[in-house]
Amino acid sequence: MSSKNDKIVLIGLAIAAGLILIFATNENSLVFLFFNQYTPVVWEEVIERNIVRSSIPIEILDTENDNCIVSAKNFDKIVDHQYFVKSENIIEELKYDRNDETLSIPCDLLEGDKSRLNVWFVVEESPKHPNKYEYFVSPWEEITDSKS
172 MSSKNDKIVL IGLAIAAGLI LIFATNENSL VFLFFNQYTP VVWEEVIERN
222 IVRSSIPIEI LDTENDNCIV SAKNFDKIVD HQYFVKSENI IEELKYDRND
272 ETLSIPCDLL EGDKSRLNVW FVVEESPKHP NKYEYFVSPW EEITDSKS
């Protein structure tokens with residue numbers, strides 16, 4: 172008799188697992204939304220008007236083990252942007268010091284003594300990847316005014 176009850180429980184668990192999988196793949200489900208916050212941004216899925224792209228020049232000031240302390244003038248304009256909801260995360264991640272205007276970045280990410288720190292983030296209203304951000308370092312290029 173116990174084996175019949177075990178089969179019923181097993182079938183019930185299989186049906187429940189199947190229903191969870193079906194509803195978890197729905198983009199509006201809590202399970203999907205929970206795990207989606209840990210996936211990287213697929214920029215091609217985000218409408219251009221929902222992306223804010225910013226960059227600042229950075230320059231190595233000092234090194235500590237494998238991390239470089241770099242100048243970060245105007246980084247506050249990026250992290251204080253009204254649509255950058257998760258700015259506290261990047262402040263903590265890059266150890267931003269507002270008083271000294273410095274960041275701590277792994278030295279192997281830098282492209283020389285001078286580089287450009289790019290920060291892209293998705294606005295909260297975006298249907299795809301809301302509130303996500305990425306940063307990357309690119310080579311330093313002097314930006315000149317083409318009108319002169």
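Its first residue numbered 172, the sequence shown is counted upward by one per residue in the numbering used here.
Note that beta-carbon positions come from the ideal geometry of N, C-alpha and C, so glycine has one too.
- Take N238, set aside five residues on each side of it, and the residues of its chain with a beta-carbon closer than 8 Å to its own are S275, I276, P277, C278, in chain order.
- Excluding the 5 residues flanking it on each side, P310 has same chain C-beta neighbours closer than 8 Å at E282, G283, S286, R287, in chain order.
- Linking K244 to L265 through their CA atoms gives a straight-line distance of about 14 Å.
- With contacts defined by Cβ atoms closer than 7 Å, I227 and F255 do not form a contacting pair.
- Annotation: the continuous alpha helix (DSSP H) that includes V250 extends over 246-250.
- The Cβ atoms of N289 and E295 lie no closer than 7 Å to each other.
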